[in-house]
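Counting in the numbering used here, the sequence shown runs from 6 upward without gaps.
Note that CB positions come from ideal geometry on N, CA and C, so glycine has one too.
Remember, it's a predicted structure, so these values are computed and weren't measured experimentally.
Reviewing the structure listed below.
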Amino acid sequence: MALDIKISIIIPNLNSSIIDKTIQSILDQDSGFNFEILVIGKDKLGLVKKFPSVHFIETLKPVSAPEARNIGINAAKGTWLIFIDSDCIAQPGWLSYLTTALEDEWPVVGGGVKTPSTPYWLLVYNLAMFHKQLSSQKKEQTAFLPTLNLAVRREVIDEVGLMDEALPRGQDVDWTARMTLAGYRLLFEPKAVVEHFPARYDLQTLRNYFYKSGYYMIRVRHRYPEIFKMPKILKSPFIWKHFAPLISAATTAKIFLRTSEVRNHPKTVTHIYLLKMSWCFGASDRLREFDYEK
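Put into structure tokens, the structure is as follows:
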């Protein structure tokens, strides 16, 4: 007799070198529910095939992370869908904390991010990008969440739809903002922890990444003014470009004051500031193009 699948765990993969560790960290979880693991994408290293219980959906060509997640959503059997990235390692208790929150009537739950302290640039990236989702932050209701560590009830997705595959960046913020606007409550549960090991090795790579993040995320911010409450002045490309040092300094100071990991690694402050500058320049360039297109 086939077991009823309550949980589908969806992992987009583009030849991750640690996908086997990701899968094993999930198999080591104990939540009291039957779950399936779906990996979608490419696995040129052949690490997924070590796990015969995993449902590997190999795509004909490399696909974006939101496209892979959408494929996984459509193939999933569970009523609770949990997303984890292929560069993350689930920590003990991860699945239990997520499912407990789902049982407690939270329809959308995001977990905490733990960052290794080395390599240095990996640390800088995690602190700059996920400072609001670090496992040291407090449990609270929030308006949007990243998908590297996210649990969603099926009925939420049935209402708001799939991820926007046309967005090269910020698809997770776009998706979860739509959930908030549809009336669903989103919980940040810092005890549901994944350790994050992205391939970020030097400052230039990080600055390029944050530039693109600003370029595309500013579109998402404009799409949902109810969520981001951007003042009219921040719709000006001139402001983002010429006041980038001031905006970046204020943002970095706020991160420093609110994030113990940054205070424990004060050397990172300068580089977080530079990454926020890159974000501002990306936002400015996109807004200038938007004005031209109009």
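Item, Value
"Residue of Met134, Gly116, Leu107 minimising C-alpha distance to Ile260", "Met134"
"Those residues which DSSP pairs with Asn269 across a bridge", "Answer by DSSP bridge pairing: none, since Asn269 is not bridged."
"Sequence-distant residues of the same chain with beta carbon closer than 6 Å to Lys246, five excluded per side", "Ser289"
"Cα-Cα separation between Leu211 and Asp9, rounded to whole angstroms", "43 Å"
"Pick from Ala204, Ile78, Asp109, Ile15 that is closest to Asp163, judged by C-alpha positions", "Ile78"
"Glu294 (DSSP reduced to helix, strand or coil)", "helix"
"Burial state of Lys237, where buried means 16 or more other Cβ atoms lie within 10 Å", "exposed"
"Proximal residues to Arg174 (C-beta, below 8 Å), its chain only, five neighbours per side dropped", "Lys217, Ser218, Tyr220, Tyr221, Met222"
"Gln176 in three-state terms, based on DSSP", "helix"
"Spatial distance of Tyr206 from Tyr130 (CA atoms)", "9 Å"
"Three-state secondary structure assigned by DSSP to Ile309", "Nothing about residue 309 can be read from this structure; the chain reaches only from 6 to 299."
"Residues near Lys54 by beta carbon distance below 8 Å, same chain, minus five either side", "Asp48, Phe61"
"Closest Cα partner of Thr123 within the set Arg74, Lys281, His270", "His270"
"Distance, Leu86 Cα to His159 Cα", "This sequence places Arg at residue 159; His is not what is there. For Arg159 and Leu86, the distance between alpha carbons rounds to 6 Å."
"Through-space distance from Phe286 to Gly51, alpha-carbon basis", "39 Å"
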